[in-house]
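Structure record follows, encoded as structure tokens.
There are 2 protein chains.
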Amino acid sequence: MPVTLSNATSPISPLSIAIVGMGTVGTGVAKVLLEQSERIARRAGRPIQLRHAVVNDLKKPREIELPPGILTDNVRRVIDDRETQIAIHLVGGIHPAKEIMISLLESGKDVVTANKALLCEHGPELFARARELGRSIAFEAAVAGGIPIIATVSQCMAGNQITSISGILNGTTNFILTEMIQRDQSYAVALRRAQELGYAEADPTMDVDGTDAAQKLVILTQLAFGTKVKLDAFPRRGIDKLDLGDIRYAAELGYTVKLLAVSKLVGNRLEVHVSPTLVKKESPLAQVHGAFNAVALTGDVVGDTWYSGRGAGQLPTASAVLADLIDMAVGRAQLTFERLGLWNIEPQFELLPQAETSCRYYLRFNIEDRPHVLADIADVLGRHDISIASVIQHEAPETASGDSFVPLVIMTHKTTAGHLDAARLELAQLTTLRPPLVELPVAG
Amino acid sequence: MPVTLSNATSPISPLSIAIVGMGTVGTGVAKVLLEQSERIARRAGRPIQLRHAVVNDLKKPREIELPPGILTDNVRRVIDDRETQIAIHLVGGIHPAKEIMISLLESGKDVVTANKALLCEHGPELFARARELGRSIAFEAAVAGGIPIIATVSQCMAGNQITSISGILNGTTNFILTEMIQRDQSYAVALRRAQELGYAEADPTMDVDGTDAAQKLVILTQLAFGTKVKLDAFPRRGIDKLDLGDIRYAAELGYTVKLLAVSKLVGNRLEVHVSPTLVKKESPLAQVHGAFNAVALTGDVVGDTWYSGRGAGQLPTASAVLADLIDMAVGRAQLTFERLGLWNIEPQFELLPQAETSCRYYLRFNIEDRPHVLADIADVLGRHDISIASVIQHEAPETASGDSFVPLVIMTHKTTAGHLDAARLELAQLTTLRPPLVELPVAG
Chain U
1 MPVTLSNATS
11 PISPLSIAIV
21 GMGTVGTGVA
31 KVLLEQSERI
41 ARRAGRPIQL
51 RHAVVNDLKK
61 PREIELPPGI
71 LTDNVRRVID
81 DRETQIAIHL
91 VGGIHPAKEI
101 MISLLESGKD
111 VVTANKALLC
121 EHGPELFARA
131 RELGRSIAFE
141 AAVAGGIPII
151 ATVSQCMAGN
161 QITSISGILN
171 GTTNFILTEM
181 IQRDQSYAVA
191 LRRAQELGYA
201 EADPTMDVDG
211 TDAAQKLVIL
221 TQLAFGTKVK
231 LDAFPRRGID
241 KLDLGDIRYA
251 AELGYTVKLL
261 AVSKLVGNRL
271 EVHVSPTLVK
281 KESPLAQVHG
291 AFNAVALTGD
301 VVGDTWYSGR
311 GAGQLPTASA
321 VLADLIDMAV
331 GRAQLTFERL
341 GLWNIEPQFE
351 LLPQAETSCR
361 YYLRFNIEDR
371 PHVLADIADV
381 LGRHDISIAS
391 VIQHEAPETA
401 SGDSFVPLVI
411 MTHKTTAGHL
421 DAARLELAQL
431 TTLRPPLVEL
441 PVAG
Chain B
1001 MPVTLSNATS
1011 PISPLSIAIV
1021 GMGTVGTGVA
1031 KVLLEQSERI
1041 ARRAGRPIQL
1051 RHAVVNDLKK
1061 PREIELPPGI
1071 LTDNVRRVID
1081 DRETQIAIHL
1091 VGGIHPAKEI
1101 MISLLESGKD
1111 VVTANKALLC
1121 EHGPELFARA
1131 RELGRSIAFE
1141 AAVAGGIPII
1151 ATVSQCMAGN
1161 QITSISGILN
1171 GTTNFILTEM
1181 IQRDQSYAVA
1191 LRRAQELGYA
1201 EADPTMDVDG
1211 TDAAQKLVIL
1221 TQLAFGTKVK
1231 LDAFPRRGID
1241 KLDLGDIRYA
1251 AELGYTVKLL
1261 AVSKLVGNRL
1271 EVHVSPTLVK
1281 KESPLAQVHG
1291 AFNAVALTGD
1301 VVGDTWYSGR
1311 GAGQLPTASA
1321 VLADLIDMAV
1331 GRAQLTFERL
1341 GLWNIEPQFE
1351 LLPQAETSCR
1361 YYLRFNIEDR
1371 PHVLADIADV
1381 LGRHDISIAS
1391 VIQHEAPETA
1401 SGDSFVPLVI
1411 MTHKTTAGHL
1421 DAARLELAQL
1431 TTLRPPLVEL
1441 PVAG
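Top to bottom, those sequences are chains U and B.
Per my numbering: the first sequence ends with 444, consecutive numbering throughout.
Per my numbering: the second sequence ends with 1444, consecutive numbering throughout.
Structural data, given as structure tokens:
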């Protein structure tokens, strides 16, 4: 007789779990587990008993009140507890997060994690170790919190070869970009506001320099293309050097700027990059505002699909952790992990060399305001097979400084990064140009 | 040792399946199974062997060539074949689709189906029978083809109480609406074009009158709210009586018109309806064009999420069927079906009586063009607690017919259907009005 929801309240032995790491997300998970215990038991087919909650500092004030005896600052209490079957691993960074995960697996526990940095860097090794031990790791919460993108890529698209992933995978930078665009504010001002509102951390480096999005992209690329890509093997740019002026020119051209993470098949090779990118104002990606994430996923059978939701934050990420926890209780997560064997297949696709990647480019030059400069630039671009789609040069304002350099914006037709590299070398010889030369890819 | 992808080509016994119904979707499924057999075997952990393909008419020309001995017009060949473990049930309508599904289950086969009409009408009964027999039914393809909405609602949102589902669930009507809006064409012209392009059937009734969307909504409502709703227990309107004039007025007011299927919690009761609805032009729903579907899903933990993709068609629906087939091969689908017991829980939410539902309304009156008519209407609305947000009345064109009736459009603030019903009765007494009175709900 299968277990039905109406049986869920009958005396079935509870499933014992621990939360290792009671930061924002851990607190959210505990909150839902305690407040909605009946719902979670119904969905999981049995009650979930929270036996341990591991924290760094026992004295720190907590947002929620836990039942007595649960809170500990000693992770060994979890590792040594044979009753605890599932550990929710919410320790950030690489060390000791990695050692803790291995100890949890070795002590016979299945692991649910949200640590994308760890999976990006050591995923294949950790997954192999879990398999050796007959254990499982679930990680829906590691990428795009509230969007079930791991389940979608690894299960719902199982009949497809995914051909393209293109997404906004970092909520912090999308919040900052939205502020810059909607309030016409500089990066520095928008970052400060994001920090005040809790959307950016005190040290926002990993978010704003594109690392966080790139780590998530590595995980998705592994799942979708069976290809292990190293974090430093593909171009990665953040928004920390983005100038408000370029956002304004983009708007004038009918575009907005988003930090896009892209992994797509070009023929039989894989193009992977993270970069601030011009996207058409009417496109769905341009409509993703604030701390939301979004992913456009194309499969060779299903065609184009699209997902969006909150990418981070206490409850959206907790929702993903809970889905994994319930999947583990039901036994689905173990099947997914064991049978799909996602992380130990051979690499299937080579990376497309950066010089061969092609797209349209937004270029902003800093040119001397005098005759023939545009002709010189157009000549260099033309000789390198870069054709011009549109140009903006506004009349120079009268300046007291006597500075005669003005911005010139060129949108190109499709060209390769190799052509652009070659053109850039020649352009550097022109005395009528001054750095910086801003280059941003254009989506589509 | 878990089965890994690299083992998939080693001699593991194949999984034998049959496709019952070789229409558009069945042909698509067979096509991918035959052309991508290696991929499907890798994802399923074992080769999939297509043993039977049941058709109505053996003489009909086929889009694909099947291996010899597979094609049959006798479904008993599948039912009596003990080797066949999974049946892909792609028979439309209720009879004999229901009897065929029951025979397949009784002969020990798990079933993957795309038949929403059958699940809408007899889902609980079929699911109970499958459980009795220890069999499973998977039905991702029954709702919103290319969008994994069944998996999302029943698995990925498992930690949540879903609070709202709002979607474009019928691709045919969305195609027709897109044509009407973008080409400024009448319903009849747009329908003809949809039929020419294969987006609408020769008899489009079930699509255009809202039945198809309502059937899908019944299935989603059962999954998300554990509540069995009868098809005739909630208001259902299609687009077949929609006037191009109303689409134009909506545009003037900053809205577009979409056929929305809505199921949402209002307090502790459930509001369910299908209706052409005004949605703000900037909203994501307004950006869903052509044959695409989309679903906005809100959970109490995750917040707002959003999904879109092709809602129908050969390959998008085949993609959903294949995901279910692979899930069955892996054993996940059976766990989902058995353990979640989604269809046999008690109803949890009552329907909100229609009179108590509330929203903003778009109203178009046909009024006599003379003094005090607007005042009379405003007076009736005001006495029924319906407050006016905006009004459009254009200067009447000079007509040769001497007809002095002109359109008056009123957008109301939020009010209840009960208030509107009462006001309508009184408005019917005004001799300065002539039918029709057009009423459309406004989303948000």
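A virtual CB, placed ideally from N, CA and C, is assigned to each residue, including glycine.
Per the coordinates, the alpha-carbon of SER1186 of chain B lies some 48 Å from the alpha-carbon of GLU1038 of chain B.
Per the coordinates, the alpha-carbon of GLY311 of chain U lies some 17 Å from the alpha-carbon of VAL218 of chain U. Residues of the same chain with a CB within less than 6 Å of the CB of GLY238 of chain U, apart from the 5 flanking positions on each side, are VAL208, ASP209, GLY210 in chain order.
With a cutoff of 8 Å on beta-carbon distance, LEU1427 of chain B and ILE1377 of chain B are scored as near each other.
Looking at the backbone, the Cα of ILE149 of chain U and that of ASP73 of chain U are separated by about 33 Å. The residue from U:GLU121, U:ARG434, U:CYS120, U:ARG129 with its alpha-carbon nearest to that of SER103 of chain U is U:ARG129. The CB of ASP110 of chain U never comes closer than 9 Å to any CB in chain B; the least such distance is about 14 Å. In the assembly as shown, GLY1028 of chain B is a buried residue. Its beta-carbon has 16 or more other beta-carbons within 10 Å. DSSP links SER186 of chain U through a beta bridge to no other residue.
Scanning B:TYR1362, B:VAL1302, B:LEU1260, B:HIS1372 for the CA closest to the CA of PHE292 of chain U turns up B:VAL1302.
The Cβ-Cβ distance between THR416 of chain U and GLU338 of chain U does not fall below 8 Å. Contact between SER1164 of chain B and THR1336 of chain B does not hold, since the beta-carbon distance rounds to 23 Å and is not under 8 Å. If you draw a straight line from the Cα of PRO1067 of chain B to the Cα of ALA1018 of chain B, it is about 13 Å long.
For VAL279 of chain U, no CB of chain B lies under 8 Å from its own CB, so it is not counted at the interface with that chain. Chain-ordered, the chain U residues with CB closer than 9 Å to the CB of GLN1161 of chain B read GLN36, ARG39. Annotation: ASP246 of chain U has no Cβ neighbours in chain B at a cutoff of 7 Å; minimum Cβ distance is about 24 Å. LEU169 of chain U is positioned such that its CB atom lies no closer than 8 Å to that of ALA233 of chain U.
Bounds of the beta strand (DSSP E) holding LYS264 of chain U are 255–266. Going by beta carbons, ALA53 of chain U and LEU71 of chain U fall inside the 8 Å limit. Judged by DSSP secondary structure, TYR199 of chain U falls outside any alpha helix (DSSP H); it is assigned neither H nor E. About 7 Å separates the beta carbon of LYS258 of chain U from that of ALA286 of chain U, a gap short enough to meet the 8 Å contact definition. Contact of ALA1158 of chain B with chain U is assigned, a C-beta pair being separated by under 8 Å.
The Cβ-Cβ distance between GLY1145 of chain B and PRO1316 of chain B falls below 8 Å. Within the same chain, Cβ atoms closer than 8 Å to the Cβ of ARG1135 of chain B are found at LEU1105, GLY1108, LYS1109, ASP1110, VAL1111, the five residues on either side in sequence being excluded.
Against chain U, the beta carbon of VAL1229 of chain B has no neighbour under 9 Å; the closest one sits roughly 18 Å away. Using a Cβ-Cβ cut-off of 8 Å, TYR1362 of chain B is close to nothing in chain U; its nearest Cβ partner there is about 24 Å away. Spatial neighbours of GLN348 of chain U in its own chain (CB-CB distance under 8 Å, excluding positions within 5 residues in sequence) are listed in chain order as PHE225, GLY226, THR227. Under DSSP, LEU15 of chain U forms a beta bridge with U:ILE48. Of all alpha-carbon atoms in U:GLN429, U:GLU121, U:PHE405, U:VAL391, the one lying nearest the alpha-carbon of MET411 of chain U is that of U:VAL391. Under the Cβ criterion of 8 Å, ARG183 of chain U is not counted among the residues facing chain B.
Note on geometry: alpha-carbon atoms of ALA138 of chain U and GLY290 of chain U lie some 28 Å from one another. In the three-state reduction of the DSSP assignment, ALA1224 of chain B falls in the helix class, which pools H, G and I. LEU440 of chain U carries a strand assignment under DSSP once its states are collapsed to helix, strand and coil.
Any Cβ of chain U closer than 8 Å to the Cβ of ALA1378 of chain B would place that residue at the interface, and such an atom is absent. DSSP places LYS241 of chain U outside both helix and strand once states are collapsed to three, so it counts as coil.
Taking a beta-carbon distance threshold of 8 Å, TYR1307 of chain B counts as an interface residue toward chain U.
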